[in-house]
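Letter by letter, the sequence shown follows residues -22 to -1, 1 to 675 in mature numbering (1 follows the signal peptide of the UniProt record, and there is no 0).
Data block below; observations after.
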Amino acid sequence: MTALPLAIALALGMLLAAPASAQNANLDNTALGSIEAPQSTERYAVNFVDVEMQEFIRSIAQTLQLNVTIDPRVRGTVNVTSRAPVSRDELYQLMADELRLSGFTALRQGDGRLRVIPEQIARTQPVPVGIESTEGNEIATEIIETRHLDAQALATVLEPLIDPQVGALTPYPGGRALVVTDYRDNLVRLRRVAEDLDHQQAAETDVVTLQHADAESLASTLQSVVESEGDPRLQVAAAPRGNALVVMGDRQQRQRLSQLITGLDTPHQGNNGTEVIYLNHADAASVAEVLGGIGGIDRASATSTPGLEPVSAEAEGSNPPSRAVSTQRGQDGSTVAVHPATNAIVLRGSAGTLEAYRHIIQRLDIPRAQVAVEAIIAEITESRSQELGVQWLFQGSNGALASSSFGSPGINSVAEAQAAGDDTLLGALLSQFSGITAGVARLNGSGTDFAVLLNALQNDAETNLLSTPSLTTLDNTEASILVGQEVPFITGSTTVDNTNPFQTIQREDVGIKLNILPTISADDSIRLRIVQEVSSIDESIEASDVVTNKREIETTVLTQDGGIIVLGGLISDQGANGEQKVPVLGNIPVVGNLFRYSRDSNEKRNLMVFIRARVLRDSGPLHSVTADRYAQMRSLQQDAQLPSGQVLPALPQPASQTPSPQSGTGQSTTPAVHNAESAAIQALYPSGRERLGSLAQ
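Next comes the structure, spelled out in C-alpha cells:
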C-alpha cells in the first residue's frame, strides 16, 4: 500500500500535456479547486481503485503541490475514475466532491494549508465569512440580513433547507439577521430564497401563535383553503418549535386566514372517543404497558373494573381472564385497559390520542420470530482396572499360626466357614470375589492345616452418552426444558423424646436441564444466554446420603443462523495405583508376589457440549423443523417394529406450503440433521478406540 500513492502520482504526472513548470502554480486561498495562475492546458487522467482516503488526499496534494493536514478520523476507501483527462480545477473539484460524499471537508487555513476534517466538527472551526466564490465544496459562514421578514420566521422557513450534518442557523436576537453556516453552494441557494421572501412587504407575513391546536395538524387542514385561493403568494407553513403558523399573502388574505385560524384554535371540549383494538400477535398486557409509559399513566389513579386487566409488567399470560382488575387513567384524561379473554386493548381519549395509540399498536402488533435451539451433549468414558493378590493361612489345632489377608472378605473368614462346614456362608463369602479365584488347602480330621487363595481380576468399561435436548421459543423470551427426576434430599433431622426422628426433605431436579434466552439481530445472528446442566445420581459412592454428579455450563454466546458452536467441555484422565503387602516379605523378588495384593485403575473421560440455533421467521422453517423431528421419531418406531397401530401417522403437508424439489424425492430431511450432529462429534472423536487414547499401554 505504501507504493500505491507514488504510483498514482507518477501516472498523473506522465499524462501532463503542459510543461512541468506549470505545476508550481499557487492556489487561491479562498476557493478550493481554483488557481491564481492563468489557465494552462495540462490535463490529468485519474484512476483510483480501493485506495485509502488519506492516501488519495496525499496523492492529489503531492501532484498539485499542496500542503495538507489530515485529521486522524478521516478514514475510508476511494474509487474514482475519470473517463477523460481533467484540468487542475477539475482535479481539485474531484477531490472536494469525494471528501464531501464521504462526510469530510477541506478547510483553507491562513497560511494556504488545507486541513481535512470530518464535516460534523467543521461548524466549530475557523471558516471564511461571506460568499466570495460560487464553488460549492467549502464550508463558510454567511450573514443573511432581511428588511421586512422577522429573523425567527425566516429561520423557520430556511431551517429544513440546511445540511443537518454541517449546517447551523441562528437568528440574531432583536434584529433582522441570520447567521448561517453551510457549504458555499447551499449558502447561495439560502440567500436567494431569503431575498425572494424578503422582497414582499413587511405586512405580507404574519406569525400566528397557537394556544390549543397543533401547528402541523392545523397547517395540513388549512392547506385545502390555501389551494382553493389559487394565489401562489398565499402560503401557510408550520413552525413546530413555537407551535405557530407562518401566513404569507396580501392583507385581505392574511386577515381572512387569521380569522379562520382563530376559530379553529379552540380548547378541547372533552369529547373523547372509545376504541377496542384486537391484537393478532403481541400480548395485550405488554402493549398496554408501553402505552401507559408514553401516555403519562398515573398508576395511583387506577380504579377497579371487572373483566378488564390492568396495565402491568407481569409475564405474558400470567393473569387469569376472569380476574377483576383496574383501568388506568392518563394525565390527559385518556384510559388504557386490557381485556385478556380476547387479547384486546380498550382505549378512550381524544381523536389525536387514539390516532397516536393506533399507530404505536400497529408497529408493535407484528409476528415475532422464533428460535429453535438444539444442545448436543456428548460424553464418553472409558475405564480399566486390574487386581491381583494372594492370601494365605497356616493354622494348628489351637488356631491360626500365621496369615496374610487383604481386602474383604479375607481368607480367615473363608477358612472359618470351611472349618465349620457352613456351605451357605462359604458360598456367600466366595461370591463376593470378582474375576478368577483359586484356592489350595490341606484338610484333616481336626480342620484346615493351611490354605492359599489367589484372586485375579481385570475390568474394562466404556460408556457413550449422546443427548440432544431441543427447545423452541419466541425471540427475546426465556424458555427451559427438564428431562429427569425429582430426587429427595434429607436436609435435617429432629428427634423429640427418643421417638422416631422427624426428617425434612427437599426435592431437587436431577437430569438434563436447558435454559435459553435468545435475541435475534437484524442480520439473523443470534445472541444466546444459556444455562446447560447434566446431573445424575452417583451410585458408586457409599455415603449416608445421595450424591449427585453435576456438569453445568452458564454462558452467553453469539452464533449465526444454523451454525454449530462448542459451549465448553472437559477432558480428564485419572489413574490410581494401590498395593498391600507384608513388610520385608513383599519386597522379595518373585517370591514377594505371594505376599502382595495390588490394584491398578485408570479412567478417561471426554465431555463436550455443542449448541445449534436456527431462526424461524415464518411457518415454512417451523414446519420443516417439526417435520424433521416427527420423521425421526417415526423412523425409530418403525425400526423397533412396533405394531402398525402404535406407529405415528405420516405428518400431513401444510396446504400453504409448496413442496421443495428435495421433498419431492420422498426422503426425509432427518438424515441431514443427524449427519450435522454426527459430523460435529466425529470431528472430535475420530474412531472408537482412539477417542480417549488406549488404556492398554
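The beta carbon of each residue, even a glycine, is placed where N, CA and C say it ideally should be.
What you are looking at is a predicted structure, and each value in this text was computed from that prediction instead of being measured.
Practice item. Give me the Cα-Cα distance between residue 117 and residue 29, rounded to the nearest whole angstrom. Key: For the purposes of this step, residue 117 is taken as residue 139 along the sequence shown, with counting starting at 1. For the purposes of this step, residue 29 is taken as residue 51 along the sequence shown, with counting starting at 1. Those two C-alpha atoms are separated by around 25 Å.
Point to revise | Nearest residue (CA-CA) to residue 549, options 343, 451, 585 and 576 | key: By one-based count along the sequence shown, residue 549 stands at place 571. For residue 549, the nearest C-alpha among the options comes from 585.
Check your understanding: Can you tell me whether DSSP reads residue 679 as helix, strand or coil?
Key -> Residue 679 cannot be examined here, being either before or after the span of the chain that is shown, -22 to 675.
Review point. Tell me which same chain residues have a C-beta within less than 8 Å of the C-beta of residue 615, skipping the five on either side of it?
Key: If you number the sequence shown from 1, residue 615 lands on position 637. So the qualifying residues of the chain are 624, 625 and 626.
Check your understanding: Does the count of Cβ pairs from the stretch 155 to 164 and the stretch 186 to 204 closer than 8 Å reach three?
Key -> no
Exercise for review: Tell me whether the beta-carbon of residue 169 lies closer than 8 Å to the beta-carbon of residue 137.
Suggested key: Here residue 169 corresponds to residue number 191 of the sequence shown, with the count starting at 1. Here residue 137 corresponds to residue number 159 of the sequence shown, with the count starting at 1. No.
Review point. Tell me the DSSP bridge mates of residue 147?
Key: Translated into the one-based positions of the sequence shown, residue 147 becomes position 169. 158, per the DSSP bridge assignment.
Point to revise | Sequence-distant residues of the same chain with beta carbon closer than 7 Å to residue 487, five excluded per side | key: As a first step, residue 487 must be located in the sequence shown, where it is residue number 509. Excluding residues within five positions, the ones whose Cβ falls inside 7 Å are 460, 462 and 464.
Check your understanding: So, using beta-carbon positions, are residue 34 and residue 56 closer together than 8 Å?
Key -> What you label residue 34 is simply residue 56 of the sequence shown in a count that begins at 1. What you label residue 56 is simply residue 78 of the sequence shown in a count that begins at 1. Yes.
Check your understanding: Nearest-angstrom Cα distance between residue 131 and residue 224?
Key -> Along the sequence shown, one-based indexing puts residue 131 at 153. Along the sequence shown, one-based indexing puts residue 224 at 246. Spanning the two alpha carbons is a distance of roughly 7 Å.
Check your understanding: DSSP state of residue 129, grouped into three classes?
Key -> The residue labelled residue 129 in the question sits at position 151 within the sequence shown. Three-state result, residue 129: helix.
**Study point:** Rounded straight-line distance, which links the Cα of residue 333 to that of residue 243
**Key:** Locating residue 243 in the sequence shown gives position 265, where the first residue counts as 1. Locating residue 333 in the sequence shown gives position 355, where the first residue counts as 1. Whole-angstrom Cα-Cα distance: 19 Å.
Check your understanding: Helix or strand or just coil, what does DSSP make of residue 199?
Key -> Numbered from 1 along the sequence shown, position 221 holds the residue referred to as residue 199. Residue 199 falls in the helix class under three-state DSSP.
Review point. Which residues in the same chain have their Cβ closer than 6 Å to the Cβ of residue 514, if we skip the five residues on either side of it in sequence?
Key: Along the sequence shown, one-based indexing puts residue 514 at 536. Correct list, in chain order: 527.
Practice item. Drop a sphere of 10 angstroms on the beta-carbon of residue 320, count the other beta-carbons inside from all chains shown, and report buried for 16 or more, exposed for fewer. Key: Here residue 320 corresponds to residue number 342 of the sequence shown, with the count starting at 1. Label assigned to residue 320: exposed.
Exercise for review: Determine the closest residue to residue 257 out of 239, 206, 222 and 344, with distance taken between C-alpha atoms.
Suggested key: What you label residue 257 is simply residue 279 of the sequence shown in a count that begins at 1. Closest option to residue 257, Cα to Cα, is 344.
Check your understanding: According to DSSP, what are the bridge partners of residue 484?
Key -> If you number the sequence shown from 1, residue 484 lands on position 506. Answer by DSSP bridge pairing, in chain order: 467.
Exercise for review: Report buried or exposed for residue 510, applying the criterion of at least 16 other Cβ atoms within 10 angstroms of its Cβ.
Suggested key: One-based indexing of the sequence shown puts residue 510 at position 532. Burial call: buried.
**Study point:** Alpha carbon of residue 608 to alpha carbon of residue 601, nearest angstrom
**Key:** Here residue 608 corresponds to residue number 630 of the sequence shown, with the count starting at 1. Here residue 601 corresponds to residue number 623 of the sequence shown, with the count starting at 1. About 10 Å.
Practice item. Would you check if there are 3 or more beta carbon pairs closer than 8 Å linking the stretch 536 to 547 to the stretch 465 to 481? Key: no
Exercise for review: Report the residue from 557, 538, 621 and 156 whose alpha carbon sits nearest the alpha carbon of residue 594.
Suggested key: Within the sequence shown, the letter at position 616 stands for residue 594. Measuring from the Cα of residue 594, the nearest candidate turns out to be 538.
Review point. Given that a residue counts as buried once 16 or more other Cβ atoms are within 10 Å of its Cβ, and exposed if not, what is residue 83?
Key: As a position in the sequence shown, residue 83 is number 105, starting the count at 1. Burial call: buried.
Check your understanding: Quick one: what does DSSP say residue 698 is sitting in, helix, strand or coil?
Key -> This structure leaves residue 698 out entirely; the chain is present only between -22 and 675.
Review point. What is the DSSP secondary structure of residue 527, reduced to helix, strand or coil?
Key: On the sequence shown, position 549 is the one that residue 527 refers to. Of the three classes helix, strand and coil, the one that applies to residue 527 here is strand, per DSSP.
Point to revise | Option in 90, 450, 79 and 580 with minimal Cα separation from residue 348 | key: Here residue 348 is taken as the residue at index 370 of the sequence shown, counted from 1. That would be 450, whose Cα lies nearest to the Cα of residue 348.
Exercise for review: Rounded to whole angstroms, what's the CA-CA distance from residue 336 to residue 269? Just pull it up for me.
Suggested key: The count along the sequence shown starts at 1 and reaches residue 336 at position 358. The count along the sequence shown starts at 1 and reaches residue 269 at position 291. Using only the alpha carbons, I get a separation of about 10 Å.
Review point. Alpha carbon to alpha carbon, what distance is there between residue 139 and residue 41?
Key: Here residue 41 refers to the residue found at position 63 of the sequence shown. Here residue 139 refers to the residue found at position 161 of the sequence shown. Going from the Cα of residue 41 to the Cα of residue 139 covers about 36 Å.
Review point. How would you call residue 99, buried or exposed, if buried means at least 16 neighbouring beta carbons within 10 angstroms?
Key: In the sequence shown, residue 99 corresponds to position 121, counting from 1. When all chains shown are included, residue 99 counts as exposed.
Practice item. Take residue 259 as the anchor and find which of 342, 86 and 315 has the nearest alpha-carbon. Key: What you label residue 259 is simply residue 281 of the sequence shown in a count that begins at 1. Residue 342 is the option with its Cα nearest to residue 259.
Check your understanding: Where do the N-terminal and C-terminal ends of the alpha helix (DSSP H) with residue 606 fall, by residue?
Key -> The count along the sequence shown starts at 1 and reaches residue 606 at position 628. Segment 597 to 617, the alpha helix (DSSP H) holding residue 606.
Practice item. Measure the alpha-carbon distance for residue 230 versus residue 208 and round it to whole angstroms. Key: Counting from one through the sequence shown, the residue named residue 230 turns up at place 252. Counting from one through the sequence shown, the residue named residue 208 turns up at place 230. Roughly 14 Å separates the two Cα atoms.
Review point. So which of 221, 473 and 489 has the shortest CA-CA distance to residue 482?
Key: What you label residue 482 is simply residue 504 of the sequence shown in a count that begins at 1. Considering only alpha carbons, the answer is 473.
**Study point:** In DSSP terms, what residue 585 is bridged to
**Key:** What you label residue 585 is simply residue 607 of the sequence shown in a count that begins at 1. Looking at the DSSP assignment, residue 585 forms a beta bridge with 357 and 548.
Check your understanding: Using the rule of at least 16 other Cβ atoms within 10 Å of the residue's Cβ for burial, across every protein chain shown, is residue 639 buried or exposed?
Key -> Along the sequence shown, one-based indexing puts residue 639 at 661. Caution applies to residue 639, whose pLDDT of 40 falls short of 50 and renders its modelled position unreliable; the model cannot decide the point.
Review point. Which whole-angstrom value describes the C-beta separation of residue 354 and residue 26, a residue pair presumed to lie in contact below a C-beta threshold of 8 Å?
Key: Taking the sequence shown and counting its residues from 1, one reaches residue 354 at position 376. Taking the sequence shown and counting its residues from 1, one reaches residue 26 at position 48. Actually they do not touch by this definition, with Cβ atoms about 50 Å apart.
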